[in-house]
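Novice: If you scroll down you'll find the structure; I have some questions about it.
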Amino acid sequence: MGSGNMFYPVVEFNLDAKWLVDPKLLFVGPKIGEGAHAKVYEGKYKNQNVAIKIVHRGDHPEEIAKREVRFAREVAMLSRVQHKNLVKFIGACKEPVMVIVTELLLGGTLRKYLLNMRPRSLDIRVAIGFALDIARAMECLHSHVIIHRDLKPENLLLTGDHKTVKLADFGLAREESLTEMMTAETGTYRWMAPELYSTVTLRHGEKKHYNHKVDAYSFAIVLWELIHNKLPFEGMSNLQAAYAAAFKNARPSADELPEDLALIVTSCWKEDPNARPNFSQIIQMLLNYLSKICPPEPAIPARIFVSENAVLPPESPGTSSLMTVRDDSAEAMPKTPTENKPRGFFFCFDQCY
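Using this note's numbering, you'd call the opening residue of the sequence shown number 271 and step up by one each time.
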């Protein structure tokens, strides 16, 4: 492996046969999401509705190598980690293009769900239930020594009944290393932990030491957002919010929160990463708070009162890649996502990608 930005390690795409997608069986429908390096489509694979993420390889050798490494790393993680609160991984292939296939969730992103509710807020029991879903997904990742690095409402998806949250988008996730330097300024500024910055402005791609506690900070910002249904650091740009958090130790106000809930939020966004709780502790704190405000009742799924971090049985496929959801405003979007007639074949990539 070379040093600097000119060389990237060669990561072999060694995927177990059970996860290898046959491109001939993929049908591609409408585009439902787009990121800087990938596009996501609704589609079908072996008669099941899926989300198909197509990763753009890039135009230059350095860019191609970097994205292939990230793709191989992402798929390797997805194929070995599984949990009920991680979007289900179905499979992947590298040729003719880099593709990741996941389950299709129709409930929308948490961001869109919250925006549609404003100015109303979530019922506090629902907010804590969602937070527990997120915390359990993160506990699972961290138990596999994986840092997500981009925890935010846009990467949290809801099931069609809006009762369960699942974590998606592993494009920036990576295995944690105690010794290796990792890329700084990774993630989305408004939700990014302050240790991802330094007092000297970091150059993009600069390496820095940090650990899995960056996810605890991001979780605190998401939890604050779940409770208030307001944009954190409202009135600031993403960069201004990041600067205020990193260099002025600014945080959204926790003054209006009940004492126990304020303690959870403020402990997770402490400036010192080592002082932040891990996700097992966060789950227990959330469960304790929930038991104080209400006993289990039919309106609240009993599962959120259980502290175990249940993992899907081995035969079930695991977690997910970046997978966004349908945009209800798209004119071309069909009214029923479960229709059996495919709307395009895999070779349409030449036109849609």
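Beta carbons are placed, not taken as given, at the ideal position from N, Cα and C, and that holds for glycine.
Under 6 Å Cβ to Cβ from MET368, same chain only, skipping five residues before and after it: list those, please.
Specialist: Closer than 6 Å at Cβ, skipping near neighbours: VAL325, PHE341.
Novice: How about LYS436 and ASN319: are their beta carbons less than 8 Å apart?
Specialist: No, Cβ-Cβ distance for LYS436 and ASN319 is not below 8 Å.
Novice: Within 10 angstroms of its Cβ, does ILE416 collect 16 or more other Cβ (buried), or is it exposed?
Specialist: The residue in question, ILE416, is buried, as its Cβ has 16 or more Cβ neighbours within 10 Å.
Novice: How big is the Cα-Cα spacing for TYR315 and LEU375?
Specialist: About 15 Å.
Novice: Using only the alpha-carbon positions, how far apart do ILE347 and ALA438 sit?
Specialist: In the sequence as displayed, the identity of residue 347 is Met instead of Ile. Distance between the alpha carbons of MET347 and ALA438: 12 Å.
Novice: What residue range does the alpha helix (DSSP H) around PHE517 cover?
Specialist: Here the alpha helix (DSSP H) through PHE517 covers 508 to 517.
Novice: Within its chain, find whatever has a CB closer than 8 Å to the CB of ARG337; leave out the 5 residues flanking it on each side and keep chain order.
Specialist: Excluding positions up to five away in sequence, the list reads HIS307, VAL325, HIS326, ARG327, GLY328, MET368.
Novice: Please name the residue or residues paired with GLN551 in a DSSP beta bridge.
Specialist: GLN551 pairs with nothing; no bridge assigned.
Novice: So, do the segment 487 to 505 and the segment 396 to 411 have three or more beta carbon pairs nearer to each other than 8 Å?
Specialist: Yes: at least three Cβ pairs fall under 8 Å.
Novice: Per the DSSP calculation, ALA362 is bridged to which residue(s)?
Specialist: Answer is LEU290, ILE370.
Novice: On the DSSP letters alone, give me the boundaries of the beta strand (DSSP E) that VAL339 sits inside.
Specialist: Here VAL339 belongs to no beta strand (DSSP E); instead the alpha helix (DSSP H) covers 331 to 348.
Novice: State the DSSP-derived secondary structure class of LYS301, mapped to helix, strand or coil.
Specialist: Three-state result, LYS301: strand.
Novice: Taking the alpha carbon of LEU509 as the point to measure from, which residue in TYR459, PRO293, GLN554, ASP431 has its own alpha carbon closest?
Specialist: Nearest of TYR459, PRO293, GLN554, ASP431 to LEU509, Cα basis: TYR459.
Novice: Mapping the DSSP letters down to three states, classify VAL320 as helix, strand or coil.
Specialist: Strand.
Novice: Measure the C-alpha to C-alpha separation of VAL371 and GLU312 and round it to an integer number of angstroms.
Specialist: When rounded, the distance between both Cα atoms is 10 Å.
Novice: Let me confirm a value: MET462 is counted as buried when at least 16 other C-beta atoms fall within 10 Å, else exposed. Which label applies?
Specialist: Label assigned to MET462: buried.
Novice: At 4 residues or longer, and completely inside the segment 370 to 427: list those alpha helix (DSSP H) runs for me, N to C.
Specialist: The segment 370 to 427 contains these whole alpha helix (DSSP H) runs: 380 to 387, 394 to 413.
Novice: Is LEU531 helix, strand or coil when you go by DSSP?
Specialist: It is helical.
Novice: Is the segment 420 to 429 touching the segment 388 to 395, taking contact as three or more C-beta pairs under 8 Å?
Specialist: With the cut-off at 8 Å, the segment 420 to 429 and the segment 388 to 395 do not touch.
Novice: Whole angstroms are fine: how far does the CA of PRO293 sit from the CA of LYS364?
Specialist: Approximately 10 Å between the Cα atoms of the pair.
Novice: Kindly identify the DSSP beta-bridge partner or partners of GLY313.
Specialist: According to DSSP, which records beta bridges pairwise, GLY313 is partnered with VAL298, VAL320.
Novice: Kindly indicate which three-state DSSP category ALA463 falls into: helix, strand or coil?
Specialist: Correct three-state label for ALA463: coil.
Novice: Below 8 Å between beta carbons: does that hold for VAL535 and LEU493?
Specialist: For VAL535 and LEU493, yes; Cβs fall inside 8 Å.
Novice: Use the C-beta contact count for ASN284: other C-beta atoms within 10 angstroms, 16 or more gives buried, fewer gives exposed.
Specialist: When all chains shown are included, ASN284 counts as exposed.
Novice: Could you check the C-alpha separation between PRO522 and PRO300 for me, to the nearest Å?
Specialist: Rounded to the nearest angstrom, the two C-alpha atoms are 38 Å apart.
Novice: On the CB-based measure, 16 or more other CB atoms within 10 Å of its CB, does ILE563 come out buried or exposed?
Specialist: Exposed.
Novice: Report the residue from PRO366, LYS358, GLY378, GLY361 whose alpha carbon sits nearest the alpha carbon of ILE302.
Specialist: It is GLY378.
Novice: For LYS483 and HIS432, what's the separation of their Cα atoms in angstroms?
Specialist: If you take the alpha carbons of LYS483 and HIS432, they lie about 28 Å apart.
Novice: Using alpha carbons as the reference points, say which of ILE398, GLU529, ALA532, LEU428 lies closest to LEU380.
Specialist: Among ILE398, GLU529, ALA532, LEU428, the Cα nearest to that of LEU380 is on LEU428.
Novice: Measuring CA to CA, which of VAL310, GLU465, ARG350 is closest to ARG419?
Specialist: Nearest C-alpha to ARG419: GLU465.
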